[in-house]
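Each residue of the sequence shown is one higher than the last, beginning at 2 in the numbering used here. Remarks on the structure that follows.
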Amino acid sequence: PWCGPCKTLGPILEKLAEEGDGRFLLAKIDTDQNPELASMFQVQGIPMVLCFDQGGVVDGFTGIKSEAEVREFLDKVAPVKGNPNLERSAELEAAGDRAGAIALLQEFVASDPDHKPARIQLATLLLNDGRSDDAEAAIAELADDDDPELERVRTALKLKREAGDVEELRRQANAAPNDLALRIKLGQALLANSDYEGGLGELLHVVVIDREFDSQAARKSMLQAFELLGEEHELVEDFRHRLQMVLF
């Protein structure tokens with residue numbers, strides 16, 4: 002009751018527990034009144050949050066966290082199996098109604114701005130719709146971390162920013178077929194415009210001709226594209242094999 006940081010963190014946990022509707026059970030312990038428990042769990046400072054599953058501690062943190070950071074913690078230790086808004090948005094996108102999918106997620110994010118997966122999915126849709134600035138804005142407030150999905154969106158945005166006009170680059174590359182720098186730019190532009198097979202093909206062509214060109218820029222761009230697509234993508238498996246055949 003005397004701990005100021007506890008009074009700040011407590012209401013956040015209470016709000017998320019109520020919002021979770023059974024996702025996790027919140028229990029609060031007064032360490033002054035329960036020194037044995039404080040000693041058992043080696044409490045060095047408060048507030049200290051511990052997550053239990055099947056009777057054992059699986060994760061935890063000490064000190065203040067923002068609501069967004071607590072949500073990220075919960076997403077790791079007690080992931081939600083599915084969100085109807087995200088699922089419906091994916092269905093709309095698959096049906097060809099990208100505008101509807103974007104509108105749905107924008108409304109959801111407006112009501113729950115700290116929902117990280119929704120922001121990432123919204124940014125991906127906006128990026129696929131050619132709205133790079135809006136996509137960047139959608140994830141601008143997300144904290145830097147090791148989230149692979151967030152990194153994929155950021156990689157895609159980087160490619161978009163650095164890409165040139167595909168048709169103009171294609172015209173220039175056809176006029177100067179031995180200009181490897183142009184081939185790399187064309188490959189990167191194709192990737193930025195979601196033509197992954199075409200872009201990887203151009204980059205692999207450069208690796209075949211001169212793997213060391215521009216400090217292995219073509220190979221590095223291919224690896225960046227692999228990260229963007231994810232290891233499960235069929236093109237990644239195909240082009241990774243083809244790249245290995247060239248290199249080894």
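Using N, Cα and C, we set each Cβ at its ideal position, and we do this for glycine too. Computed from a predicted model, the values in this text were never measured in an experiment.
Is the beta carbon of residue 117 closer than 8 Å to that of residue 60?
Locating residue 60 in the sequence shown gives position 59, counting from the first residue. Locating residue 117 in the sequence shown gives position 116, counting from the first residue. Contact flag unset, no.
Starting from residue 240, trace the beta strand (DSSP E) both ways and give me its first and last residue.
Locating residue 240 in the sequence shown gives position 239, counting from the first residue. Segment 235-248 is the alpha helix (DSSP H) holding residue 240; no beta strand (DSSP E) there.
Pull up the distance between the alpha-carbon of residue 203 and that of residue 121, whole angstroms please.
Counting from one through the sequence shown, the residue named residue 203 turns up at place 202. Counting from one through the sequence shown, the residue named residue 121 turns up at place 120. If I take the Cα positions, the gap works out to 29 Å.
Looking only at its chain, what residues have a beta carbon closer than 8 Å to the beta carbon of residue 16, apart from the 5 residues adjacent to it on each side?
What you label residue 16 is simply residue 15 of the sequence shown in a count that begins at 1. So the qualifying residues of the chain are 68.
Backbone secondary structure at residue 5 - three-state DSSP:
The residue given as residue 5 occupies position 4 in the sequence shown. If DSSP states are grouped into helix, strand and coil, residue 5 belongs with the helices.
Have a look at residue 231 and residue 3 and give me their C-alpha separation to the nearest angstrom.
Position 230 of the sequence shown holds residue 231. Position 2 of the sequence shown holds residue 3. Distance between the alpha carbons of residue 231 and residue 3: 48 Å.
Applying the 10 Å Cβ sphere with the 16-neighbour rule, what's the burial state of residue 1?
This structure cannot speak to residue 1, because the chain is shown only from 2 to 249.
Can you have a look at residue 248 and say buried or exposed, based on whether 16 or more other CB atoms are within 10 angstroms of its CB?
As a working note, residue 248 is residue 247 in the sequence shown. Answer is exposed; the Cβ neighbour count stays below 16.
Buried versus exposed, by CB contacts within 10 Å (16 or more), residue 86:
Here residue 86 is taken as the residue at index 85 of the sequence shown, counted from 1. Looking at its Cβ environment, which holds 16 or more other Cβ atoms inside 10 Å, residue 86 is buried.
For residue 1, tell me which candidate among 178, 168 and 183 has the shortest Cα-Cα distance.
Residue coverage of the chain in this structure runs from 2 to 249, which leaves residue 1 outside it and unanswerable.
Among residues of its own chain, excluding the 5 on either side of residue 106, which ones have a beta-carbon nearer than 8 Å to its beta-carbon?
The count along the sequence shown starts at 1 and reaches residue 106 at position 105. Once the five neighbours on either side are set aside, the close Cβ partners of residue 106 are 86, 87, 90, 119, 122, 123 and 126.
Please look up how many angstroms separate the CB atoms of residue 153 and residue 229, rounded, as I've assumed it's under 8 Å.
By 1-based counting over the sequence shown, the position of residue 153 is 152. By 1-based counting over the sequence shown, the position of residue 229 is 228. Yes, residue 153 and residue 229 are in contact; Cβ-Cβ is about 5 Å, under 8 Å.
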